[in-house]
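So the sequences go chain by chain: A and B.
For the first sequence, my numbering gives the first residue as 7, with consecutive numbering after it.
For the second sequence, my numbering gives the first residue as 26, with consecutive numbering after it.
Idealized CB from N, CA, C, for every residue including glycine.
What follows is a short report on a single structure.
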Amino acid sequence: MVEENSLNTQLSEAPVHESSTRGAGPSIRISAASERGATQPAAETGTVVELKDVSCFYGSFRAVRNVDIKVARQRITALIGPSGCGKSTLLRTMNRMNDLVPSYRAEGTVLLDGQDLFARGVDPVAIRRRVGMVFQKPNPFPKTVWENVAFGPKINGYKGDLDELVERSLRRAALWDDVKDKLQQSGMALSGGQQQRLCIARTIAVDPEVILMDEPCSALDPRSTLQIEELMAELKKDYTIVIVTHNMQQAARASDTTIFMTMGEDRAGYVVEEGETVEIFTNPRNQLTEDYVSGRFG
Amino acid sequence: MRRRLSGTLFYGACLAAIGLLLLTLILLLWDVFSQGLPWLDTGFLTRGPSRKVEIAGIFPALIGSFEISILVGIMAFPTGVAAAVYLAEYTGSSRLTSILRTNISNLSGVPSVIYGILGLALFVRIAGFGFTVISAALTLTLLILPVVIIASIEAIKAVPDAQREGAYALGASRWQMVRQAVLPAAAPGIMTGIILAMARAIGETAPLILVGAFTFVTFIPQPFSGGYTVLPIQVYDWATRPQADFHGLAAAAIVVILVLMLALNALALVVRARLSRHIQW
Chain A
7 MVEENSLNTQ LSEAPVHESS TRGAGPSIRI SAASERGATQ PAAETGTVVE LKDVSCFYGS
67 FRAVRNVDIK VARQRITALI GPSGCGKSTL LRTMNRMNDL VPSYRAEGTV LLDGQDLFAR
127 GVDPVAIRRR VGMVFQKPNP FPKTVWENVA FGPKINGYKG DLDELVERSL RRAALWDDVK
187 DKLQQSGMAL SGGQQQRLCI ARTIAVDPEV ILMDEPCSAL DPRSTLQIEE LMAELKKDYT
247 IVIVTHNMQQ AARASDTTIF MTMGEDRAGY VVEEGETVEI FTNPRNQLTE DYVSGRFG
Chain B
26 MRRRLSGTLF YGACLAAIGL LLLTLILLLW DVFSQGLPWL DTGFLTRGPS RKVEIAGIFP
86 ALIGSFEISI LVGIMAFPTG VAAAVYLAEY TGSSRLTSIL RTNISNLSGV PSVIYGILGL
146 ALFVRIAGFG FTVISAALTL TLLILPVVII ASIEAIKAVP DAQREGAYAL GASRWQMVRQ
206 AVLPAAAPGI MTGIILAMAR AIGETAPLIL VGAFTFVTFI PQPFSGGYTV LPIQVYDWAT
266 RPQADFHGLA AAAIVVILVL MLALNALALV VRARLSRHIQ W
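Here's what the structure looks like:
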């Protein structure tokens with residue numbers, strides 16, 4: 007109950023840029039993730055994913071234009087911006103998930119550890135093993151909890167001890183204590199928050215380099231949301247996380263770097279500003295960013 | 026007031042329609058059971074047909090029906106599911122695909138006797154299987170394939186796309202996604218469709234007359250050679266005889282068919298419940 011109360015206080019707090027001056031306390035803590043995870047500056051840890059002049063199209067409609075961004079290793083990068091600005095499209099470009107959408111096409115260069123994801127001969131299946139994804143709505147398979155986690159390792163030909171891997175993945179996803187007696191029950195019988203952590207466990211069981219999260223908390227209650235955010239802070243010790251979120255408080259609380267996107271007159275999304283989360287939320291360089299993070303539009 | 030009246034009238038009409046249906050069913054069952062039950066004993070199930078009603082039985086027909094339905098299941102299951110997977114997962118939403126799907130739907134409405142003619146030409150004559158169980162099974166497979174394919178397509182399409190994306194996100198290839206994520210999730214619907222289609226095959230008469238089911242078989246049908254008969258043909262034979270006692274035998278055989286159908290339907294329910302125990306959407 008205590009946790010829930012304090013969380014409610016957090017969510018009902020005044021706009022973000024004001025609360026930043028108060029420091030620690032029950033209010034929104036800007037860049038809490040950096041404090042928890044002792045993140046090093048991007049320059050020292052290197053870039054994992056780099057987008058160079060990337061544009062995305064659905065048929066003749068340009069949904070995203072000329073994006074140049076870098077995603078730093080072992081940090082949490084948040085993509086924020088108004089609905090329809092192409093955040094999800096951009097995210098789904100980073101593991102070629104959007105290839106599945108008919109009429110979708112990407113231009114430009116997407117580099118993963120320097121390798122061009124859209125180069126000729128690159129197998130999107132192999133890419134997705136290195137860049138995992140967690141979706142908006144928890145989508146566990148209609149299988150047991152154990153089978154959900156073992157799914158990825160199995161299809162990827164994992165040779166080791168699956169039981170051990172399942173337990174390790176569930177522990178890392180902070181779900182083990184909840185489900186250790188329910189491994190043979192349906193993954194769909196878990197609560198929404200548990201289902202989403204199961205999906206995270208399933209993703210890290212494949213041991214990807216990058217985990218993409220597409221509004222992972224939008225279907226969850228505040229308490230489960232907080233648990234996922236804590237989990238992300240824990241996971242960034244080993245993984246690079248990119249999260250799309252509509253929730254600015256979440257971006258402020260949980261991310262190290264923030265990329266703000268919006269859309270132009272042509273309805274194509276573009277990146278307005280990219281920087282340290284603290285900077286974006288307290289000292290944005292662009293007026294559009296300031297308007298958005300202070301809640302004046304979006 | 027008028028609105029309430031028309032609502033009551035509609036409710037009454039629905040009730041009357043259901044009542045009429047139930048009444049017909051009950052009358053039918055009562056008629057068949059009252060005529061057939063006196064003739065039904067273990068001897069009836071284990072003896073062959075005879076001119077003497079006292080020692081007449083359905084054993085060869087029962088075995089014939091059994092062999093054919095097993096063969097139909099074995100052939101229709103992989104073919105039907107493969108066709109459904111192809112149409113639902115591998116082809117896009119092109120014009121050709123939609124024409125194909127519409128035609129498959131139409132095929133399920135073609136009178137079964139047409140399949141008999143096709144089976145006669147294709148399996149009995151051209152392929153040279155003759156009047157055998159395998160010809161009959163192939164013919165019935167063609168007959169139920171459209172039903173199996175359509176039921177399987179519906180089951181596959183009912184699997185949410187989020188499941189496909191979930192599998193892809195873990196590095197699954199298309200085949201792994203279909204095999205490990207879509208098919209298990211669609212299995213309850215697919216299995217129900219196949220079992221119900223097999224039940225339909227067991228009840229078919231017309232096409233089998235054309236592909237050579239005999240009306241009087243005292244031996245046990247072999248799958249690939251010699252004559253055969255099936256329960257509905259046996260019923261047809263007995264029911265067309267003038268003597269009233271044979272009508273009793275026909276009714277008894279109908280009871281057996283009904284029990285088989287009910288058993289298959291029950292099996293469909295059990296399989297469905299078992300396969301969908303982890304599914305909640």
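Check: Is the shortest distance between the beta-carbon of A:MET238 and the beta-carbons of chain B less than 8 Å?; Outcome: no
Check: What residues are listed by DSSP as bridge partners for A:LEU218?; Outcome: A:MET139, A:VAL248
Check: Residues of chain B with CB closer than 9 Å to the CB of A:GLY138, please, in chain order.; Outcome: ALA194, LEU195, GLY196
Check: Is it true that the segment 264-282 of chain B meets the segment 154-173 of chain B, where meeting means three or more beta-carbon pairs spaced less than 8 Å apart?; Outcome: no
Check: Anything in the segment 143-163 of chain A with a Cβ closer than 7 Å to a Cβ of chain B? List those residues in chain order, please.; Outcome: LYS143, ASN145, PHE147, PRO148, LYS149, THR150, PHE157, GLY158, ILE161, ASN162
Check: Between A:SER224 and chain B, is any beta-carbon pair separated by less than 8 Å?; Outcome: no
Check: Identify, in the order they occur along the chain, each residue of the same chain with its Cβ nearer than 8 Å to the Cβ of A:GLU215, setting aside the five sequence neighbours on each side.; Outcome: VAL54, LEU118, ASP119, ARG136, VAL137, TYR245, THR246
Check: If the criterion is Cβ atoms closer than 8 Å, does the pair A:GLN142 and A:ASP220 meet it?; Outcome: yes
Check: With distances taken between CB atoms, is the gap from B:GLY237 to B:VAL149 smaller than 8 Å?; Outcome: yes
Check: Does A:ALA195 get closer than 8 Å to chain B when you measure Cβ to Cβ?; Outcome: yes
Check: Based on the DSSP output, what are the partners of A:ALA84 in its beta bridges?; Outcome: A:ILE249, A:THR264
Check: Within the 8 Å Cβ cut-off, does B:ALA291 reach chain A?; Outcome: no
Check: From A:GLN202 to A:PRO146, what distance separates their C-alpha atoms?; Outcome: 8 Å
Check: Could you list which residues in chain A have their beta carbon closer than 8 Å to that of B:ILE304, in chain order?; Outcome: PRO148, SER192, MET194
Check: Considering only the alpha carbon of each residue, which of B:GLY89, B:SER31, B:GLY61 lies closest to B:PRO322?; Outcome: Absent from the structure is residue 322 of chain B, since the part of chain B shown begins at 26 and ends at 306.
Check: Could you tell me if the beta carbon of B:ILE142 falls within a distance shorter than 7 Å of some heavy atom in the ligand FMN?; Outcome: Among the ligands in the structure shown, none appear at all, so the ligand FMN cannot be discussed.
Check: Is there a Cβ from chain B that is less than 8 Å from the Cβ of A:GLY31?; Outcome: Summary for A:GLY31: the model assigns pLDDT 37, below 50, so the residue's position carries little reliability; its value from the coordinates is reported in the next sentence. Cβ-Cβ to chain B under 8 Å: no for A:GLY31.
Check: Is any beta-carbon of chain B found at less than 8 Å from that of A:LEU97?; Outcome: no
Check: Taking 7 Å as the limit between beta carbons, can you name the residues of its chain near A:GLU90, skipping five residues before and five after?; Outcome: As written in the sequence, residue 90 of chain A is Gly, which differs from the Glu given in the question. Contacts found: MET269.
Check: Report back the beta-carbon spacing between B:PHE163 and B:PRO232 to the nearest angstrom; my notes put them in contact at under 8 Å.; Outcome: Reading the sequence as shown, one finds Leu at residue 163 of chain B and not Phe. Their Cβ separation, rounded to whole angstroms, is 11 Å, which puts B:LEU163 and B:PRO232 out of contact at 8 Å.
Check: Shortest alpha-carbon distance to A:VAL60 belongs to which of A:THR251, A:SER109, A:VAL116?; Outcome: A:VAL116
Check: Entirely within the segment 129-184 of chain A and at least 4 residues each: give me those alpha helix (DSSP H) ranges in chain order.; Outcome: 130-136, 151-161, 168-178
Check: Are the segment 176-187 of chain B and the segment 99-109 of chain B touching, with three or more C-beta to C-beta distances below 8 Å?; Outcome: yes
Check: Given that A:MET269 touches chain B, what residues does it touch there, using C-beta distances under 7 Å?; Outcome: Neighbours of A:MET269 on chain B: none; closest Cβ ~24 Å, over 7 Å.
Check: Any beta carbon from chain B within less than 8 Å of A:MET103's own beta carbon?; Outcome: yes
Check: With 8 Å as the threshold, decide whether the Cβ of B:ALA183 is near any Cβ in chain A.; Outcome: no
Check: When burial is assigned at 16 or more other CB atoms within 10 Å of the CB, is B:TYR13 buried or exposed?; Outcome: Outside the shown range of chain B, which is 26 to 306, sits residue 13 of chain B, and nothing can be said about it.
Check: Find the residues of chain B that neighbour A:CYS208, judging by a C-beta separation of less than 7 Å, and give them in chain order.; Outcome: Residue identity differs from the one stated: residue 208 of chain A is Arg in this sequence, not Cys. Ordered by position in chain B, the residues that pass the 7 Å Cβ test against A:ARG208 are LEU195.
Check: Can you pull the chain A residues whose beta carbon is under 7 Å from the beta carbon of B:ALA277, in chain order?; Outcome: Simply none; closest approach about 44 Å.
Check: Beta carbons nearer than 7 Å to chain A: which residues of the segment 108-122 of chain B have them?; Outcome: GLY117
Check: Quick check on A:LEU106 - is its C-beta less than 8 Å from some C-beta in chain B?; Outcome: yes
Check: Just reading off the beta strand (DSSP E) that B:GLU114 is part of, what are its end residues?; Outcome: Note, B:GLU114: premise wrong, no beta strand (DSSP E); not H, not E.
Check: Would A:ASP167 be called buried (16 or more neighbouring beta carbons within 10 Å of its own) or exposed?; Outcome: exposed
Check: At 9 Å on the CB atoms, spell out the chain B contacts of A:PHE141, in chain order.; Outcome: ALA187, GLU190, GLY191, ALA194
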